[in-house]
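One rule links them: number in my numbering = place in the sequence shown (from 1) + 49.
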Amino acid sequence: MDTAYLREYIEFSRSLNFAQAAADLFVSPPTLRAHIHALEEEVGAPLTVKRVGQLELSPAGRLFLKRARAIVKLVEESAEECRALAEASSSIVVGTLDYAPFEELLTRALHAFRRDHPDRCLEMLMASGAYANMEAVESGKADLSIFVQVRRRDGGEEALPDELPAGVGAFRFSEGECRFWMNRSCPLFECDRVTAADLDGFTMLLGNSANMERAGRVLIEWFAGVGVAVEPDNQPCSNYLDLYLSGTGETFGIALGGVRSGLRASSDIKIFAVDDFTVPCDLYVIYNEERIGENGKLFVDCLKESISSLE
Numbered sequence: 050m051d052t053a054y055l056r057e058y059i060e061f062s063r064s065l066n067f068a069q070a071a072a073d074l075f076v077s078p079p080t081l082r083a084h085i086h087a088l089e090e091e092v093g094a095p096l097t098v099k100r101v102g103q104l105e106l107s108p109a110g111r112l113f114l115k116r117a118r119a120i121v122k123l124v125e126e127s128a129e130e131c132r133a134l135a136e137a138s139s140s141i142v143v144g145t146l147d148y149a150p151f152e153e154l155l156t157r158a159l160h161a162f163r164r165d166h167p168d169r170c171l172e173m174l175m176a177s178g179a180y181a182n183m184e185a186v187e188s189g190k191a192d193l194s195i196f197v198q199v200r201r202r203d204g205g206e207e208a209l210p211d212e213l214p215a216g217v218g219a220f221r222f223s224e225g226e227c228r229f230w231m232n233r234s235c236p237l238f239e240c241d242r243v244t245a246a247d248l249d250g251f252t253m254l255l256g257n258s259a260n261m262e263r264a265g266r267v268l269i270e271w272f273a274g275v276g277v278a279v280e281p282d283n284q285p286c287s288n289y290l291d292l293y294l295s296g297t298g299e300t301f302g303i304a305l306g307g308v309r310s311g312l313r314a315s316s317d318i319k320i321f322a323v324d325d326f327t328v329p330c331d332l333y334v335i336y337n338e339e340r341i342g343e344n345g346k347l348f349v350d351c352l353k354e355s356i357s358s359l360e
């Protein structure tokens, strides 16, 4: 049943005059008659009768008028509620790297968001590790993500990532540890302990993002500091985990310490550290300032407050 026809019927009932009602509705009298007739066909009864030359609503017409008003009111209220919900609702795509402390931070902040903004709705969609990088956030493939930056050997804690692109916001989350991975084809796989010297001459397999290229340069310095030479090999990949299986022989890569889900937990992959040094890394939350919208900005505030409560 067309609610526009119901509105016309309600307007028509005020005067019971087709010409006057049609003028008020900005339609032609024949069009209004056709719409009223269509309603009568749906109802299965005449909505008007003539008595002593005057047009009146029939008993069915009076009942239908009451129901039409209720239907139109319900439709208008429903539409208004849906519009309000749509205006207050949004979703964000988040890259987590399956890093448990970051995921715990997200859930804590989401709880705070819902507590502080009960009239708003934020849906959080978890994305794969392929979206946990600066390029994905800058391009809008992800709205918010964890970002890992390996710390320089002679450097300290950094408040913001190097070379932050325009339109990408960032704030520090915590400190992590850069570890390494090897697969079963590596000759060191069965070793209980690995020293930096054991990796001398090995290939360090990395992704080809700007951050991974930077990580390669920084880690060369770490190994060189103990007299070891490694060769970075930056390769394109849709997901950094793809490299875990593509490396063969004297090859290793880097991994964020504390992440042990999925392929990283496989018995054919070893996550390890070297005895000679520990490589710290700075963990940041990065987000696309334009795409996150009003809800996202409020959620970012909740994230910052949650981080402050941990310090």
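Note that CB positions come from ideal geometry on N, CA and C, so glycine has one too.
Are there 16 or more other CB atoms within 10 angstroms of the CB of residue i, so buried, or fewer, so exposed?
i, result
"Pro79", "exposed"
"Leu352", "buried"
"Gly204", "exposed"
"Glu145", "The amino acid at residue 145 is misidentified as Glu; the sequence shows Thr. Buried, because 16 or more other Cβ atoms sit within 10 Å of the Cβ of Thr145."
"Glu57", "buried"
"Cys411", "The structure shown has nothing for residue 411, since the chain only spans 50 to 360."
"Asn66", "exposed"
"Leu155", "buried"
"Val124", "exposed"
Where does residue i fall in DSSP's three states?
i, result
"Ala208", "coil"
"Gly302", "strand"
"Leu65", "coil"
"Ser355", "helix"
"Ala245", "helix"
"Glu125", "helix"
"Met363", "Nothing can be reported for residue 363: it is not among the residues displayed for the chain, which extend from 50 to 360."
"Gly250", "coil"
"Gly110", "helix"
"Leu255", "strand"
"Phe238", "coil"
"Phe272", "helix"
"Leu55", "helix"
"Leu213", "coil"
Among the options, which one has its Cα closest to the Cα of residue i?
i, options, result
"Met231", "Tyr336, Phe251, Glu89 and Asp73", "Phe251"
"Val197", "Arg263, Phe75 and Ser107", "Arg263"
"Tyr333", "Leu193, Ala109 and Ser77", "Leu193"
"Glu60", "Arg200, Gly306 and Val121", "Val121"
"Ile320", "Ile335, Glu226 and Glu343", "Glu226"
"Arg228", "Arg221, Ala215 and Thr244", "Thr244"
"Val142", "Leu174, Arg111 and Leu114", "Leu174"
"His86", "Ser77, Thr97 and Val76", "Thr97"
"Met253", "Gly265, Asp247, Ala259 and Ser287", "Gly265"
"Phe220", "Tyr336, Gly345 and Gln69", "Tyr336"
"Ser64", "Leu104, Gln284 and Asp165", "Leu104"
In terms of residues, what are the limits of the alpha helix (DSSP H) holding residue i?
i, result
"Ala91", "Position check: residue 91 holds Glu in this sequence, whereas Ala was assumed. Start and end: Pro78 to Val92."
Locate the beta strand (DSSP E) running through residue i, then write down its first and last residues.
i, result
"Glu105", "Gln103 to Leu106"
"Arg100", "Thr97 to Arg100"
"Gly225", "Val217 to Asn232"
Practice problem: Quick one: which unbroken beta strand (DSSP E) runs of 3-plus residues sit fully inside the stretch 128-202? Chain order, please. | Solution: If we require 3 residues or more, the beta strand (DSSP E) runs fully inside the stretch 128-202 come out as 138-144, 170-176 and 193-199.
Quiz item: Which runs of the beta strand (DSSP E) spanning at least 3 residues fall entirely within the stretch 278-347, listed in chain order?
Solution: The DSSP assignment places complete beta strand (DSSP E) segments of no fewer than 3 residues inside the stretch 278-347 at 280-284, 300-305, 318-321 and 328-337, in order along the chain.
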